[in-house]
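As structure tokens, the structure follows; a few thoughts come after it.
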Amino acid sequence: MDRYAMSRRGFLRAAVVAGGAAGVASVAGCGSLPGASGGVPLDYWNFFTGGDGERMVGLVDAFRAEAPGVAVTATTLAWGAPYYTKLAMACAGGRAPDLATLHASRLATFGAELVDEWDLAELEARGVTTDQFPAPVVESVTIDGRLMALPLDTHPLVLFYNTDICGRAGLLADDGTLAPIQGAEAFLDAGRRAAEIAEGPGIAFGAADALANWMLFWSVFRQLGGTVELPPGGPAEVDRDAVVEAMAFMQTMCDGTIASKTLDGPAAPATFASGQAGFLLIGPWEVVTAENTGVPFSMTQFPAVFGDTPYVRADSHSLVLPRQSRVDPDARAAAYDMAVSMLKNSLDWARGGHIPALSSVAESPEYLALQPQSNYRGAADVVEFDPSAYFSGSGSTLMSRAGQTLQGITSGALTPDAGADDLIGWLDEQLTLGSPV
Amino acid sequence: MSAVGSAQNAPGQGGPAVLGAGTSGAAPRRRSLTSGRGGLWFVLPFMVVYAAFLLWPLVYGLGMSFFDTSLISSSQSFVGLDNYRQLLDDPQVWRTLGITLLFTVLSTVPLVLVALVMALLVHTGTRGQWFWRFAYFAPFLLPVSTVVLIWQWLFQGDFGLLNAVLGWFGIGKVGWTTDPDLALWSTILLTVWWTVGFNFLLYLSALQAIPATVYEAAALDGAGGWRRTLSITLPLLKVTTGLVVVLQVLASLKLFDQAYILFGGSGGPGGNAAPILQYVYDTGFVNYRLGYASAISYAFFLVIIVIALLQTRLTSRKES
Chain A
498 MDRYAMSRRG
508 FLRAAVVAGG
518 AAGVASVAGC
528 GSLPGASGGV
538 PLDYWNFFTG
548 GDGERMVGLV
558 DAFRAEAPGV
568 AVTATTLAWG
578 APYYTKLAMA
588 CAGGRAPDLA
598 TLHASRLATF
608 GAELVDEWDL
618 AELEARGVTT
628 DQFPAPVVES
638 VTIDGRLMAL
648 PLDTHPLVLF
658 YNTDICGRAG
668 LLADDGTLAP
678 IQGAEAFLDA
688 GRRAAEIAEG
698 PGIAFGAADA
708 LANWMLFWSV
718 FRQLGGTVEL
728 PPGGPAEVDR
738 DAVVEAMAFM
748 QTMCDGTIAS
758 KTLDGPAAPA
768 TFASGQAGFL
778 LIGPWEVVTA
788 ENTGVPFSMT
798 QFPAVFGDTP
808 YVRADSHSLV
818 LPRQSRVDPD
828 ARAAAYDMAV
838 SMLKNSLDWA
848 RGGHIPALSS
858 VAESPEYLAL
868 QPQSNYRGAA
878 DVVEFDPSAY
888 FSGSGSTLMS
898 RAGQTLQGIT
908 SGALTPDAGA
918 DDLIGWLDEQ
928 LTLGSPV
Chain B
386 MSAVGSAQNA
396 PGQGGPAVLG
406 AGTSGAAPRR
416 RSLTSGRGGL
426 WFVLPFMVVY
436 AAFLLWPLVY
446 GLGMSFFDTS
456 LISSSQSFVG
466 LDNYRQLLDD
476 PQVWRTLGIT
486 LLFTVLSTVP
496 LVLVALVMAL
506 LVHTGTRGQW
516 FWRFAYFAPF
526 LLPVSTVVLI
536 WQWLFQGDFG
546 LLNAVLGWFG
556 IGKVGWTTDP
566 DLALWSTILL
576 TVWWTVGFNF
586 LLYLSALQAI
596 PATVYEAAAL
606 DGAGGWRRTL
616 SITLPLLKVT
626 TGLVVVLQVL
636 ASLKLFDQAY
646 ILFGGSGGPG
656 GNAAPILQYV
666 YDTGFVNYRL
676 GYASAISYAF
686 FLVIIVIALL
696 QTRLTSRKES
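So the protein sequences, as listed, match chains A and B.
Under this note's numbering, the first residue of the first sequence carries the number 498, and numbering increases by one thereafter.
Under this note's numbering, the first residue of the second sequence carries the number 386, and numbering increases by one thereafter.
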């Protein structure tokens, strides 16, 4: 009995000592981190994984080499709602990172109180001015005349095509590129002809994926001339006819032959990359997936399915200065340096499919020679960003909730009329809740 | 604590074997621990953590539900009962609450019945009991993300295992996670596979606590296997069943993580698998409306209390 008591007491004592030691070590560790590398500590948050993640590491490493006096800690978080939730909470708590990546479409919320504006003079001193970016992109990151985010790229919906399947289906022009497609019928017909040759669907499309659904819907809806206004308090002002027509087009496309009714987000690019589909409709970042499998493919701008202008849903990865309760001027200067360095080095970023935002990169012979990435660079001039509201943008509730409706459309569970009522009804409900901004 | 002392393997007390162990002579020492001044210091570390991470957030959340607190705006104002009034009119609250309650009913039934059947089968004395016990309980040990990852592959519409097996029998593709009518059922299927092991274990321990003498007596009186199961085993499991049902209802009401991961936070096709806790999370953290989210969670808290009270009344009436 005595022996047990002793050993228990001994254990407790050891545990306390061990715990204390761990605490001391961790405190010491915290203190020694910036000291050890001997530079200005700079925290940078992003949400890039996979191929994008690798390229982002490359960009960060390039900056590390340029600025040995800065100790960059790059943190990668899961994309979408989790990232924006954490970033918003960090900003609200005043202990945000020094630099962060943000989709331009999320500025409706973040632009209000959570990020600081970019100082144009500071940027100019580093050789960057706003006229070096595409006009629609600059517009999307400017709030009340203040530049709230620095665009790194534009990533529109693009059309991947399997050159082998499309060749056999007679869809290629003489030069081996995809023959121009104009109009909904032509687009669906191309899908049908590819489906005859392909093992799987004509068009690999994530019919069960909110992001893919929303990108296609918003592109087609805008091509139809549809507009959405979301005033706080509601009701939503939406072109219902254009919603119905866009949904009807998507339902016709997802007929099980042209495109699957059930393919989910990860499965769509996998189907294309394994050579089972003629086309793939998704963002340009999947270029890496396709390249890695060696499938014969190329890429082009999403065509004008309705109307004459190939408007296309896009977003822009941009860099922001999250609001901090105490700004360290050295870290802030380093954040400017790092942002500009990333913009100037974005040729490598462009290899991952994104259209570089900075004109000196976008117009460089190296980028223009990049195949197939430079084929769809024209899309940057016809980009359509998401409607502006606190619940809108990439990885937002709107995208996820509209994805639900659109999945009902693509799976055939909802008629386009019912889908339009469902989506517009939800927008009205959401607006009556009032804005948290 | 006389209840502890009297629980010496009394049949029908539900898992008494654990409680009955080593209680003699404990009473005097227990007195000194509770009345002595040292006791407080032992529970203090726990109480501090408990107060900081449970009690205070509970009070703070209740307070927040009367404000229009926003995660992204520094200004907030007192709105009284506006949040509560608003949630009564919010169709999304009712819808997600309905989905949560439906899930609770639909998942509790199989989670109790399947667990009971599995426990009975294992208890009949099949060879290699340790293996069955392990196999049935193992999924419960997996983290939720792993479970969902496994089932995402099984459910996959175009090349998933479930649809492939159905294909062998000439049955067409089923949209496990894409069909609005099936989404909740898929969530239930996954949940049953994942958590049935816990109820199974409760049942198995209760079965093992039934003294063999009862069965021997019944066998001498000429009762066959079925008769013994129906007249002895099941009645003696009543208390355990009560416990399992209460625990299961509370666990099912907490539906969030598996549905959230399975459908990538989208709420499933047509939003048919979006539980109310996800709506609370989305409202508070994705859409930044913390005040309103607190109000919804307190309204849901009220629902849980009502359900718990109803259950207590039902069981106490049964016992009397």
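A virtual CB, placed ideally from N, CA and C, is assigned to each residue, including glycine.
Taking 8 Å as the threshold (beta carbon to beta carbon), is residue i in contact with chain B?
i, result
"residue 523 (chain A)", "Any reading at residue 523 (chain A) needs caution, since the residue's pLDDT is 45, under 50, leaving its predicted position unreliable; the model's value is listed next. Cβ-Cβ to chain B under 8 Å: no for residue 523 (chain A)."
"residue 658 (chain A)", "no"
"residue 723 (chain A)", "no"
"residue 568 (chain A)", "no"
"residue 696 (chain A)", "no"
"residue 598 (chain A)", "no"
"residue 742 (chain A)", "no"
"residue 589 (chain A)", "yes"
"residue 933 (chain A)", "yes"
"residue 675 (chain A)", "no"
Report yes or no: is there a C-beta of chain A within less than 8 Å of the C-beta of residue i?
i, result
"residue 685 (chain B)", "no"
"residue 477 (chain B)", "yes"
"residue 670 (chain B)", "yes"
"residue 457 (chain B)", "yes"
"residue 654 (chain B)", "yes"
"residue 643 (chain B)", "no"
"residue 480 (chain B)", "no"
"residue 673 (chain B)", "yes"
"residue 572 (chain B)", "no"
"residue 623 (chain B)", "no"
"residue 663 (chain B)", "no"
"residue 667 (chain B)", "yes"
"residue 465 (chain B)", "no"
"residue 558 (chain B)", "yes"
"residue 530 (chain B)", "no"
"residue 543 (chain B)", "yes"
"residue 462 (chain B)", "no"
"residue 650 (chain B)", "yes"
In three-state DSSP terms, what is residue i?
i, result
"residue 531 (chain B)", "helix"
"residue 686 (chain A)", "helix"
"residue 436 (chain B)", "helix"
"residue 567 (chain A)", "strand"
"residue 425 (chain B)", "helix"
"residue 823 (chain A)", "coil"
"residue 810 (chain A)", "strand"
"residue 755 (chain A)", "coil"
"residue 702 (chain A)", "coil"
"residue 879 (chain A)", "coil"
"residue 802 (chain A)", "coil"
"residue 612 (chain A)", "strand"
"residue 934 (chain A)", "coil"
Out of the options, which one is the CA nearest neighbour of residue i?
i, options, result
"residue 563 (chain A)", "A:837, A:775 and A:807", "A:837"
"residue 682 (chain A)", "A:750, A:793, A:579 and A:839", "A:750"
"residue 597 (chain B)", "B:578, B:621 and B:574", "B:621"
"residue 591 (chain A)", "A:824, A:850, A:917 and A:919", "A:824"
"residue 760 (chain A)", "A:908, A:547, A:599 and A:831", "A:908"
"residue 861 (chain A)", "A:841, A:873, A:869 and A:557", "A:841"
"residue 642 (chain B)", "B:534, B:424 and B:538", "B:534"
"residue 522 (chain B)", "B:579, B:450 and B:476", "B:579"
"residue 896 (chain A)", "A:905, A:711 and A:814", "A:711"
"residue 655 (chain A)", "A:898, A:882 and A:870", "A:870"
With DSSP as the reference, please indicate the residues paired to residue i in a beta bridge.
i, result
"residue 543 (chain A)", "A:573"
"residue 734 (chain A)", "A:726"
"residue 597 (chain A)", "A:542 and A:817"
"residue 708 (chain A)", "Answer by DSSP bridge pairing: none, since residue 708 (chain A) is not bridged."
"residue 853 (chain A)", "A:650"
"residue 512 (chain B)", "Paired residue(s): none; residue 512 (chain B) is not in a bridge."
"residue 796 (chain A)", "A:657"
"residue 779 (chain A)", "A:655"
Looking at chain E, is there any beta carbon in it that lies within less than 8 Å of the beta carbon of residue i?
i, result
"residue 565 (chain B)", "Chain labels in this structure do not include chain E; the protein chains are A and B."
Give, in chain order, every unbroken run of the alpha helix (DSSP H) that is at least 4 residues long and sits entirely within the stretch 615-676 of chain A. 617-622, 632-637 and 660-665
Pick out the complete alpha helix (DSSP H) segments inside the stretch 546-571 of chain B, 4 residues or longer, and give them in chain order. 546-553
Which runs of the alpha helix (DSSP H), 4 residues or longer, sit entirely within the stretch 438-478 of chain B? 441-449 and 467-474
Every unbroken alpha helix (DSSP H) inside the stretch 607-690 of chain B [4 residues or more]: 610-613, 623-638, 642-647 and 661-666
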